[in-house]
Structures are given as C-alpha cells and as structure tokens.
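See below for the structure under consideration.
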Amino acid sequence: MTDKAYVAGVGMVPFQKPGKSESYDVMATAATRSALADAGLDYDKVQQAYVGYVYGDSTCGQRALYHVGMTGIPVLNVNNNCSTGSSALFLARQAVESGAVECALALGFEQMQPGAIGAMFHDRVSPFAAFDRETDELVGSAEIPLALRYFGGAGKAHMDEFGTPLETFAKIRAKASRHAAKNPVALFRQEVTAEDVMATQVVWPGIMTKLMACPPTCGAAAAIICSKEFADKHGLDSSVRIAAQAMTTDGPETFEAHDMREVVGFSMAKRAADQVYEDAGIGPEDVDVVELHDCFAHNELITYEALGLCGRGEAAKFVDDGDNTYGGKYVTNPSGGLLSKGHPLGATGLAQCTELVQQLRGQADARQVDGARLALQHNLGLGGACVTTLYEKA
1 MTDKAYVAGV
11 GMVPFQKPGK
21 SESYDVMATA
31 ATRSALADAG
41 LDYDKVQQAY
51 VGYVYGDSTC
61 GQRALYHVGM
71 TGIPVLNVNN
81 NCSTGSSALF
91 LARQAVESGA
101 VECALALGFE
111 QMQPGAIGAM
121 FHDRVSPFAA
131 FDRETDELVG
141 SAEIPLALRY
151 FGGAGKAHMD
161 EFGTPLETFA
171 KIRAKASRHA
181 AKNPVALFRQ
191 EVTAEDVMAT
201 QVVWPGIMTK
211 LMACPPTCGA
221 AAAIICSKEF
231 ADKHGLDSSV
241 RIAAQAMTTD
251 GPETFEAHDM
261 REVVGFSMAK
271 RAADQVYEDA
281 GIGPEDVDVV
291 ELHDCFAHNE
301 LITYEALGLC
311 GRGEAAKFVD
321 DGDNTYGGKY
331 VTNPSGGLLS
341 KGHPLGATGL
351 AQCTELVQQL
361 RGQADARQVD
371 GARLALQHNL
381 GLGGACVTTL
391 YEKA
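First residue of the sequence shown? That's 1 in UniProt numbering, and the numbers climb one at a time after it.
This is the structure in structure tokens:
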C-alpha cells in the first residue's frame, strides 16, 4: 500500500450542444493531451487507463486513446451512468494507492443526442425498472419524461415536507449562471436572474421550469493520477492530493422509504460523504469549495443536506442566506455546475475534478475561491452509484 494518490494533471475541452461537438474520440484525445500537457508528462509513462462513457459501443476508450499512443497498456472501459467519470477516477486512484501502478489515467467523455435521455435497449429488462415503478407510484405524471420526474419528484418531496418555495430552485439556477459567466469552458455563460428562471417554459407546473434542468451536452475531461514518488521522480506537480474518496450504491431505503429523495440517492450520497469526512478526519464545516451533481436545481438543493452543508430542512435558508456562493459558508459549483457548464455524462466527474484541482492550485482566475485548501466533489449516477472525493492542497 502506497501513500495518497496525487492529481498531477487535469484537462478538458469546452462542452458543446449535441450536433455541435467533435466526435467522441476527437474530444477524448484532446482532453487526454490537455491533461498530459498540464502534468508535463509523456503518454508512455502512463501505466493504466480507466475510460468512462455511457452512450457508446464497447472499447470506445481504446478508440480514443489509440490516437494518443498505442503503448499496449491496459484500458478499462467504465459505465456508471452520470457518475461514470468519477467511477473512472475512483479506479485510477485505487490502482495508484494500492501500489498496482505508479501512474494512471482517468478519462471521461460523452457524445450525446438532443432531448431527454432514455433507454437504448428495449428488448431486455431496464436497470431502472424498480426506480420507474416507485416513481410512478409516488409522483405519477406519466406524460413527463422520467428524468424530470425523478429529480422534480425529489424536489417536490422537499417542498411538501418543509414548505420550500419554487423560487428557491430558481435562485440556485441563477447562482449557477453567475458562476458560469466567469468560466470560459462553460456552455451557458449568460447570467439569468431568479425571475428569468421562473419565467421560462414550465415543464412541470408548480415543480419545475426549463432552466432548472441541465441540458444534454457533449464533452471530455481527464486527469493524471500518480503516487508522490512518481511525481517527484518525474518533476510533476504534487500540490493536490486525494485525501479521501468513497463510492456507494443503493441501500434498502431507496425503495423501502417511499420517498423520491431516496429514489434519487439522498442516503447513498450521505453515506459516501460521511465516509469521506471520517476517513479524512474532518467535518463538512472544514470544506472550502464544492462541486456537486446539480443535474437539476432540485438535486443541488437536497444534496446540500446530504453532504451536511446544512441541516435537514434548512436548504432554503441556506440559499437565501447566500451560503452556497462567494461570501458565504461554501462556494458550490464555481464552474457553473451541470446546470450551466453542461452535463456530458461520462465527462462530468472529471470536469468537476478539473475545476477543483484548479481551485486548489490557485489557477481558477475570476472563479478563484480565496484560500481554498479542501475541496469536495459529489458525482451521482442513478441506478445507482455515488462517488464523493475530497481533494487537499498538499
């Protein structure tokens, strides 16, 4: 067993709308080369690669990396829905910390199609069958796409229990736009107000407007993970290390609690965060900056509570007090998050990693969180998997 794993290099390509991007292999190649350049490392020094994507045939990872170099290393393809990128990161970190390798690549990409995401195979049992049944029973509204019903239903459960106003979700989306306006690689950089968000197309009356949902997006991101010894030997940046990381899957409460917040992984996320805090010997109050999985404004809100950034039922006050942005307790999603930066499923976790590493290095320019030393990442995939990672300025 070696010491902690270090993030020696990160890179990503600007995210694009479906139909506007390069092919997945071109984007993935560019992101990999960007991470290698950031690290100052040649590809032939990488010993294993973990490559994540959701929509693609088997061995797309090899297709992408063969453009970078055909060095014969193991290339493992990873698919864990929206947490795919962080799952690749988890495996790369685990390989380095175990001593199996000294240097590994985590790469994620997605080339998506317009419109709501859905099943690609209709001749076999869906992995979401139980989630869909529970959603049908709890929220109905079968005419609304399932992704909206999952997370909108979770937001509705919070509204019903705590009286959370719809405007709170609009404020979260407006905050995302203010952050994204300072991020040159964000897809949507136009600032909007909470009033603008409320005035957009209603997709679920009383529950959600169009701007409260993230768009399908294409993109790629990558990270070079290595040991301290490897970094020192090759003169790499070792200023950011992974202090703790946890991956969890669904527990019985997902279906037994009959609560849409559990269907979308509230307790799964809480367990991952609690494990990270325990392993690192810190509490949520010690964190400076957070990139969390805001596929919908509703999920950002319930995730504040799952990560312990505020107490149960306190998320609306947390937003109203400005504790989710600059000048408050935590800066959440300085990148603009999935809502404004975009959400290419396989790339999202590594784009979050890229943002947080830049924050801890002091390289985030206009987005910089002053004095950031501890950064928390939360990446959630339904079906399900949650990866929570704590980065530390070494």
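Glycine included, every Cβ here is placed at the ideal spot set by N, Cα and C.
Using a Cβ-Cβ cutoff of less than 6 Å, which residues in the same chain neighbour residue i once the five nearest sequence positions on both sides are dropped?
i	result
Arg189	Ala180 and Ala181
Ser340	Ala176, Ser177, Ala180, Ala186 and Phe188
Met12	Ala31, Ala221, Ala351 and Thr354
Gly311	none
Lys156	Ile207
Nearest CA to the CA of residue i: which residue from the options?
i	options	result
Tyr330	Ala273, Phe318 and Gly99	Phe318
Asp279	Ala244, Ala30 and Arg271	Ala244
Gln361	Leu382, Glu392 and Pro344	Reading off the sequence, residue 361 comes out as Arg, not Gln. The candidate whose alpha carbon is nearest that of Arg361 is Glu392.
Asp237	Gly219, Ala37 and Gln377	Ala37
Thr217	Thr168, Ala154 and Cys295	Cys295
Glu191	Gln113, Leu211, Val369 and Gln201	Leu211
Phe121	Tyr55, Tyr150 and Ala157	Tyr55
Met27	Ala272, Ala64, Val202 and Asp57	Ala64
Gly9	Gly235, Thr325 and Tyr53	Gly235
Gly140	Ala129, Gly153, Leu41 and Gln16	Gly153
Can you give me the start and stop residues for the alpha helix (DSSP H) that residue i sits inside?
i	result
Ala244	Where Ala244 is concerned, there is no enclosing alpha helix (DSSP H), although the beta strand (DSSP E) it sits in stretches over Val240 to Thr248.
Phe15	No alpha helix (DSSP H) holds Phe15; DSSP gives it neither H nor E.
Glu161	Leu146 to Phe162
Ile172	Leu166 to Ala180
Val139	Ala129 to Val139
So what's residue i in DSSP terms, helix, strand or just coil?
i	result
Leu201	The residue you asked about is not Leu; residue 201 is Gln in the sequence shown. Here Gln201 sits in coil by DSSP.
Asn79	coil
Ala347	coil
Ala111	Rather than Ala, the amino acid found at residue 111 in this sequence is Gln. Coil.
Gly61	helix
Leu41	coil
Ala6	Checking the displayed sequence, the identity of residue 6 turns out to be Tyr instead of Ala. Reduced to three states, the DSSP call for Tyr6 is strand.
Met70	coil
Leu36	helix
Leu236	coil
Ser193	For clarity, residue 193 is Thr in the given sequence; the question names Ser instead. Three-state DSSP puts Thr193 in coil, outside helix and strand.
Ala106	strand
residue 427	With the chain represented from 1 up to 394, any question about residue 427 goes unanswered, as that position is not in the structure.
Asn183	coil
Lys20	coil
Ala231	helix
Within the same chain, show all residues whose beta-carbon is closer than 7 Å to that of residue i, passing over the 5 residues directly before and after it, in chain order.
i	result
Ser267	Gly251 and Glu253
His67	Asp25 and Thr29
Terminal residues of the continuous beta strand (DSSP E) containing residue i?
i	result
Glu392	Ala385 to Lys393
Val96	Counting along the chain, Val96 falls outside any beta strand (DSSP E), though it belongs to the alpha helix (DSSP H) covering Thr84 to Ser98.
Tyr50	Gln48 to Gly52
Ala221	Gly219 to Cys226
Who are the near neighbours of residue i in its chain, counting only those whose CB is closer than 8 Å to its CB and skipping five residues on each side?
i	result
Asp320	Thr168 and Lys171
Gly283	Tyr277 and Gly308
- Item | alpha helix (DSSP H) runs wholly inside the UniProt domain "Thiolase C-terminal" (256 to 383), at least 4 long, in chain order | Counting only runs of 4 or more, we get 260 to 263, 266 to 280, 297 to 306, 315 to 320, 337 to 341 and 348 to 361.
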